[in-house]
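Per my numbering, the sequence shown runs over residues 1 to 460.
All C-beta atoms, glycine included, are put in the ideal place defined by N, C-alpha and C.
This report concerns only the one structure given below.
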Amino acid sequence: MAITNKYVKSVYNDLKKRYKTQPEFLEAAGVVLETIEPIVAANEELYKKNAILERIVEPERTIMFRVTWMDDKGKVRVNRGYRVQYNSAIGPYKGGLRLHPSVNLSILKFLGFEQVFKNSLTTLPMGGGKGGSDFDPKGKSDAEVMRFCQSFMTELVKHVGPDTDVPAGDIGTGAREIGYMYGQYKRLMNEHTGVLTGKNLLVGGSLARKEATGYGLCYCVDAMLRDNKKSFKGKTVVVSGSGNVAIYATEKATELGAKVVALSDSNGYIYDPEGIDLDLVKQIKEQERGRIKEYADRCKHKGVKYHPSTEKDYSIWSVKCDIALPCATQNEIKASDAELLAKNGCFAVGEGANMPSVPEAIEIYHNKGILFIPGKASNAGGVAVSGLEMSQNSERLSWSFEEVDAKLKGIMENIYANVASYAKKYDVKTPAGKYNLVAGANMAGFDKVAQAMIWEGVAY
Ligand code: NDP
Ligand code: 2IT
Numbered sequence: 001m002a003i004t005n006k007y008v009k010s011v012y013n014d015l016k017k018r019y020k021t022q023p024e025f026l027e028a029a030g031v032v033l034e035t036i037e038p039i040v041a042a043n044e045e046l047y048k049k050n051a052i053l054e055r056i057v058e059p060e061r062t063i064m065f066r067v068t069w070m071d072d073k074g075k076v077r078v079n080r081g082y083r084v085q086y087n088s089a090i091g092p093y094k095g096g097l098r099l100h101p102s103v104n105l106s107i108l109k110f111l112g113f114e115q116v117f118k119n120s121l122t123t124l125p126m127g128g129g130k131g132g133s134d135f136d137p138k139g140k141s142d143a144e145v146m147r148f149c150q151s152f153m154t155e156l157v158k159h160v161g162p163d164t165d166v167p168a169g170d171i172g173t174g175a176r177e178i179g180y181m182y183g184q185y186k187r188l189m190n191e192h193t194g195v196l197t198g199k200n201l202l203v204g205g206s207l208a209r210k211e212a213t214g215y216g217l218c219y220c221v222d223a224m225l226r227d228n229k230k231s232f233k234g235k236t237v238v239v240s241g242s243g244n245v246a247i248y249a250t251e252k253a254t255e256l257g258a259k260v261v262a263l264s265d266s267n268g269y270i271y272d273p274e275g276i277d278l279d280l281v282k283q284i285k286e287q288e289r290g291r292i293k294e295y296a297d298r299c300k301h302k303g304v305k306y307h308p309s310t311e312k313d314y315s316i317w318s319v320k321c322d323i324a325l326p327c328a329t330q331n332e333i334k335a336s337d338a339e340l341l342a343k344n345g346c347f348a349v350g351e352g353a354n355m356p357s358v359p360e361a362i363e364i365y366h367n368k369g370i371l372f373i374p375g376k377a378s379n380a381g382g383v384a385v386s387g388l389e390m391s392q393n394s395e396r397l398s399w400s401f402e403e404v405d406a407k408l409k410g411i412m413e414n415i416y417a418n419v420a421s422y423a424k425k426y427d428v429k430t431p432a433g434k435y436n437l438v439a440g441a442n443m444a445g446f447d448k449v450a451q452a453m454i455w456e457g458v459a460y
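Structure below.
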């Protein structure tokens with residue numbers, strides 16, 4: 001990582017000293033700080049006077065709590081719960097809740113930090129936050145998940161509200177979990193409000209929220225491809241993960257004329273040379289909460305193969321593709337995976353997950369001329385439609401699928417144009433001579449938040 005500006009360097013060095021044990025957070029902060037250097041250089045005195053960099057890297061508030069619940073055998077279980085309220089300069093804190101055994105403060109701070117800039121890019125009035133718990137919903141009964149969610153919300157209720165902080169889904173938190181949390185919020189507060197997004201359509205959820213992240217990813221990547229005189233049509237695509245984002249990215253990429261040939265979960269990946277049968281994936285994943293391996297056992301297509309993650313040199317990125325859409329989790333594309341993608345002729349990567357590419361992988365994309373759009377721009381469709389859900393809740397109306405989808409498409413195309421325009425304005429190019437969209441996204445997202453913080457004075 002090459003940070004040259006002295007002010008930026010001093011802020012990053014302080015962070016590295018203070019948060020030695022938070023590698024994911026330092027990775028996210030490092031990439032943002034490194035790539036916003038041109039806009040910092042252009043506004044250095046103003047930012048210094050207002051301590052903008054020193055402030056923007058620290059969450060406004062971090063809430064950590066114990067979540068105690070009882071399993072089906074009557075055993076009392078304990079998890080750790082968190083909400084990182086990162087930045088409220090442009091609106092109420094907004095961001096998902098992750099339920100996964102790996103969850104810790106480093107991961108939630110990286111996610112909350114990224115969310116601040118992502119939400120800014122949507123142009124909607126939303127600040128950034130993230131939360132969750134190291135609770136693992138996998139293998140738990142519905143009753144256990146419900147008891148966990150009720151206990152989690154019993155504390156969270158003190159810190160959230162439709163104009164304060166509006167959580168939503170993320171890894172491990174889907175419609176079921178949002179429902180149990182919403183029910184408990186209502187019971188404690190005695191009010192029906194838009195305190196969570198991703199709600200059931202019966203109680204104020206938005207049409208197209210379920211599809212939003214995956215569809216939005218494809219709309220954004222499509223804008224990037226068109227800008228480079230390319231398209232999804234006739235292209236081979238690899239999507240990692242098989243959760244909410246992966247499923248609807250596969251659906252939209254297919255609709256745009258591509259063939260998706262691989263999907264994964266944490267146990268392995270499937271390769272289907274005929275193109276993924278998405279109805280079967282939805283049945284296995286959305287209905288049965290099963291494993292992706294079952295696809296290989298049940299799919300009628302010829303040549304389907306399952307690769308367990310225990311295989312030697314395992315990597316879904318070894319599957320030859322034109323376009324890669326990582327939609328599982330952070331740091332899933334290492335430098336060696338990026339090399340594989342490049343070697344096999346992949347020409348575009350669009351991130352559905354948050355920070356799925358390690359910094360060294362991004363360097364490889366940039367050196368090899370692979371088109372690359374980072375998650376905080378390309379996966380912003382989920383939170384954008386969450387913002388639209390908040391608007392619908394406020395006016396106590398619901399919009400049609402077509403209306404929400406059209407707004408989503410407009411937002412994603414606008415994000416691409418704005419990101420590209422910042423890269424152009426500050427003339428930041430990759431070694432291969434393309435505009436650097438990582439720098440563009442970070443500068444565009446940062447600029448609005450920094451301006452709002454300055455306007456609001458020394459508040460937080
Ligand atoms: P889901 O829980 O629906 O699906 C996650 C998928 O990724 C599953 O297939 C899961 O496999 C796989 N996965 C998760 N963790 C790991 C891991 N450590 N190693 C390997 N595979 C893993 O989550 P989403 O689809 O909602 O989220 C996917 C990504 O997209 C995350 O990075 C999330 O932060 C990001 N995102 C989500 C948004 C949303 O609206 N939902 C919005 C923007 C970004 P398994 O079942 O085996 O764990
Ligand atoms: O990472 C993300 O943007 C999300 N998990 C969605 C957040 C939201 O508030 O909809």
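Please confirm whether any heavy atom of the ligand 2IT lies closer than 7 Å to the CB of Ala377.
no
Taking the beta strand (DSSP E) that Ile56 falls in, what are its first and last residues?
Note, Ile56: premise wrong, no beta strand (DSSP E); alpha helix (DSSP H) at 52 to 56.
Is Leu408 near Val438, with beta carbons less than 8 Å apart?
no
Just checking Lys425 against the ligand 2IT - is the residue's beta carbon closer than 7 Å to any of the ligand's heavy atoms?
no
Compare the beta carbon distance of Val195 and Tyr185 with 8 Å and say whether it is the shorter of the two.
yes
So, with DSSP's three-state summary, where would you put Arg209?
helix
For the ligand NDP, I want to know if Gly268 counts as a neighbour, meaning its beta carbon is within less than 7 Å of at least one of the ligand's heavy atoms.
no
Report back the beta-carbon spacing between Phe117 and Glu27 to the nearest angstrom; my notes put them in contact at under 8 Å.
So it is not a contact: roughly 15 Å between Cβ atoms.
Quick check on Ile411: does DSSP put it in helix, strand or coil?
In the structure shown, Ile411 adopts helical secondary structure according to DSSP, grouped into three states.
Considering only C-alpha positions, which residue in the set Asp297, Thr35, Gln22, Lys282 is nearest to Thr4?
Its Cα nearest to that of Thr4, the residue Thr35 stands out among Asp297, Thr35, Gln22, Lys282.
Could you give the uninterrupted runs of the alpha helix (DSSP H) lying entirely in the stretch 339 to 375, keeping only those of 4 residues or more?
If only uninterrupted alpha helix (DSSP H) runs of at least 4 residues are considered, those enclosed by the stretch 339 to 375 are 359 to 368.
Terminal residues of the continuous beta strand (DSSP E) containing Gln85?
76 to 87
Quick one: does the C-beta of Val160 sit closer than 7 Å to a heavy atom of the ligand 2IT?
Checking every heavy atom of the ligand 2IT against the Cβ of Val160, none is found closer than 7 Å.
Are the Cβ atoms of Gly183 and Leu99 separated by less than 8 Å?
no
Compare the beta carbon distance of Tyr248 and Ile270 with 8 Å and say whether it is the shorter of the two.
For Tyr248 and Ile270, no; Cβs fall outside 8 Å.
Cβ-heavy atom distance, Asp405 to the ligand NDP, below 7 Å
no
Alpha-carbon spacing of Tyr12 relative to Glu54, whole angstroms
9 Å
Under the three-state reduction of DSSP, which class applies to Asp337: helix, strand or coil?
Three-state DSSP puts Asp337 in a helix.
Tell me the DSSP secondary structure of Arg147 in three-state form.
Correct three-state label for Arg147: helix.
How many whole angstroms separate the CB atoms of Ile411 and Ala377, which I take to be in contact at a CB cut-off of 8 Å?
So it is not a contact: roughly 11 Å between Cβ atoms.
Kindly provide the ranges of any alpha helix (DSSP H) runs that are 4 or more residues long and lie completely inside the stretch 151 to 217, ordered along the chain.
175 to 189
Would you check whether the ligand 2IT has a heavy atom nearer than 7 Å to the C-beta of Asp163?
no
Taking 8 Å as the cut-off, does the stretch 382 to 399 touch the stretch 226 to 233 (at least 3 CB pairs, one atom from each stretch)?
no
When DSSP labels each residue in this structure, what does Pro308 get in the three-state scheme?
Three-state result, Pro308: strand.
For Met146, does the count of other Cβ atoms within 10 angstroms reach 16, so buried, or fall short, so exposed?
buried
Spatially closest choice to Trp399 from Leu201, Gly132, Thr122, by CA coordinates:
Minimum Cα distance to Trp399 is reached at Leu201.
Give the DSSP-derived three-state secondary structure of Pro38 in the structure shown.
In the structure shown, Pro38 sits in a helix (DSSP, three-state: H, G or I).
Sequence-distant residues of the same chain with beta carbon closer than 7 Å to His301, five excluded per side:
Asp272, Glu274, Asp277
To which residues does DSSP link Arg298 through a beta bridge?
Looking at the DSSP assignment, Arg298 forms no beta bridge with any residue, so it has no partner.
To the nearest angstrom, how far is the alpha carbon of Phe401 from that of Lys20?
46 Å
Following the continuous alpha helix (DSSP H) through Ala384, name the residue where it begins and the one where it ends.
Per DSSP, the unbroken alpha helix (DSSP H) holding Ala384 starts and ends at 381 to 395.
Flag this pair as touching only if the stretch 361 to 377 and the stretch 423 to 443 have three or more C-beta atom pairs under 8 Å; answer yes or no.
yes
Through-space distance from Arg77 to Glu155, alpha-carbon basis
16 Å
Return the first residue and the last residue of the beta strand (DSSP E) that Val237 is part of.
Here the beta strand (DSSP E) through Val237 covers 236 to 240.
Tell me, to the nearest whole angstrom, how far the beta carbon of Val449 is from that of Asn87; I am working on the premise that it is less than 8 Å.
6 Å
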